[in-house]
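Engineer:
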Amino acid sequence: MPRVTWQVDLNADAGESYGAWTMGDDGRLFPSLTSVNIACGFHAGDPLTIQRTLHLAAEHGLGIGAHPGYPDLPGFGRRVLEATPEQVYADTLYQIAAVAGMARAAGLTLRHVKPHGALSTRSWTHAPTAAAIARATREFDPALPLVVLPATLLEREACDLGVPVVLETFPERAYLRDGRLAPRSMPGSSIHDPQEAARRAVMLVTEGRIEALDGGVFECRTDTLCIHGDNPHAVEIARAVRAALEARGVAVAPFPIPGA
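The sequence shown begins at 248 in the numbering used here and counts up by one.
In structure tokens form, the structure reads like this:
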């Protein structure tokens, strides 16, 4: 057995269904994960889907997070909405409370918050949005961690407000050298080959860096790796990533709560 010298969480966005419309394959994806981010009903999901996803996550022993987004079911939360900071705060707080309340009813505990899609990307560079998300998380529970992309305004605003942060990277998404994810419109921005995603995951965790799509490298720390559930190869990627990490001696386990 290889000697374990690193630990990382492996998460995915889930519960991203609504009515007859379904995104991803949670049942096949969950066995490879250690944490899950559950859609709160704004960009995807509904009360019954949240409940079912919570129960499925519990069956697999996964850490549970809320995945708030813009109120944008038709656009899957990937369109920036011109929401005021007050609206972002209220919407985020509402969504966290919804998933946390349903988790509590199921005998489960919410472990983290992770913004979705355009709400997340907006918070990387727009301080009022970042501050609103961080404040909603803190005021719901000051011990609740916020999952953030490194080197973003969301990380800075969370730290300024004393919100615990968990740093997230994406082995199946390309990076620019300034740390931003490459826009999805950019060729090569998404990785669909499971073995390439696995190679990148090992590099991110064991070397703290990744090659950038626009040249050079992006250096970062990784507490959790995310697999996008809507990637058509998500199940295969998650399996390959976990196998490669464990073969390299990386312990794949839910991230510890900062400060706990």
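Don't be surprised by glycine CBs; every beta carbon is placed ideally from N, CA and C.
1. Contact defined as beta carbons within less than 8 Å: I believe residue 264 pairs with residue 288. What is the distance between those atoms, to the nearest angstrom?
2. Short of 6 Å in beta carbon distance, which residues of its chain neighbour residue 458, apart from the five on each side in sequence? Order them along the chain.
3. Short of 6 Å in beta carbon distance, which residues of its chain neighbour residue 380, apart from the five on each side in sequence? Order them along the chain.
4. Please identify the residue among 485, 439, 311 whose C-alpha is closest to the C-alpha of residue 504.
5. Runs of 4 residues minimum, wholly inside the region 430-505: which ones carry the alpha helix (DSSP H) assignment?
6. Please report the straight-line C-alpha distance between residue 409 and residue 501, rounded to a whole angstrom.
7. Between the region 342-354 and the region 319-329, do three or more beta carbon pairs fall short of 8 Å?
8. Rounded to the nearest angstrom, how far is the Cβ of residue 307 from that of residue 286, given a contact under 8 Å?
9. As a quick exercise: from 276, 261, 384, 280, pick the residue whose alpha carbon is nearest that of residue 364.
10. Which one of 332, 331, 497 has the shortest CA to CA distance from residue 445?
11. Using a 10 Å radius around the Cβ and a threshold of 16 neighbouring Cβ atoms, would you call residue 275 buried or exposed?
12. Work out the CA separation of residue 484 and residue 478 for me, nearest whole Å.
13. Quick check on DSSP: helix, strand or coil for residue 273?
14. Considering only the alpha carbon of each residue, which of 414, 399, 400 lies closest to residue 393?
15. Can you pull the DSSP bridge partners for residue 399?
16. Starting from residue 415, trace the beta strand (DSSP E) in both directions and tell me its first and last residue.
17. Among the residues of its own chain, which have a CB less than 8 Å from the CB of residue 356, if the five just before and after it don't count?
18. Given residue 256, which residues of its chain have a CB within under 8 Å of its CB, disregarding the five upstream and five downstream residues?
19. Specify the secondary structure class of residue 261 as computed by DSSP and reduced to three states.
20. Going straight from the alpha carbon of residue 426 to that of residue 254, what length do you get?
21. Whose C-beta lies closer than 8 Å to the C-beta of residue 428 among residues of the same chain, with five residues either side of it excluded?
22. Check whether the Cβ of residue 468 lies closer than 9 Å to any Cβ atom in chain B.
23. Hey, could you find the ends of the beta strand (DSSP E) residue 199 is sitting in?
24. Does residue 295 pass the burial test, meaning 16 or more other C-beta atoms within 10 Å, or should it be called exposed?
25. What is the DSSP secondary structure of residue 374, reduced to helix, strand or coil?
26. Quick one: what's got a C-beta closer than 8 Å to residue 328's C-beta in the same chain, skipping five residues either side?
27. DSSP state of residue 351, grouped into three classes?
Structural biologist: The short version:
1. With a Cβ gap of about 11 Å, residue 264 and residue 288 do not count as contacting.
2. 464
3. 339, 362, 370
4. 311
5. Here the runs fully enclosed are 441-454, 481-494.
6. Approximately 22 Å, taken between the alpha carbons.
7. no
8. The pair is not a contact, with the Cβ atoms about 17 Å apart (cut-off 8 Å).
9. Minimum Cα distance to residue 364 is reached at 261.
10. 497
11. Within 10 angstroms of the beta-carbon of residue 275 lie fewer than 16 other beta-carbons, which makes it exposed.
12. 9 Å
13. helix
14. 414
15. Beta-bridge pairing links residue 399 to no other residue.
16. Per DSSP, residue 415 belongs to the beta strand (DSSP E) from 412-416.
17. Around residue 356: 311, 350.
18. Spatial neighbours of residue 256 in its own chain (CB-CB distance under 8 Å, excluding positions within 5 residues in sequence) are listed in chain order as 281, 282, 310, 413, 470, 471, 472, 499, 500, 501, 502.
19. Three-state DSSP puts residue 261 in a strand.
20. 22 Å
21. 368, 396, 417, 420, 421, 422, 436
22. Going by chain labels, chain B is absent from the structure shown, which holds only one protein chain.
23. Given a span of 248 to 507 for the chain in the structure shown, any question on residue 199 remains unanswerable.
24. exposed
25. helix
26. 317, 318, 319, 365
27. helix
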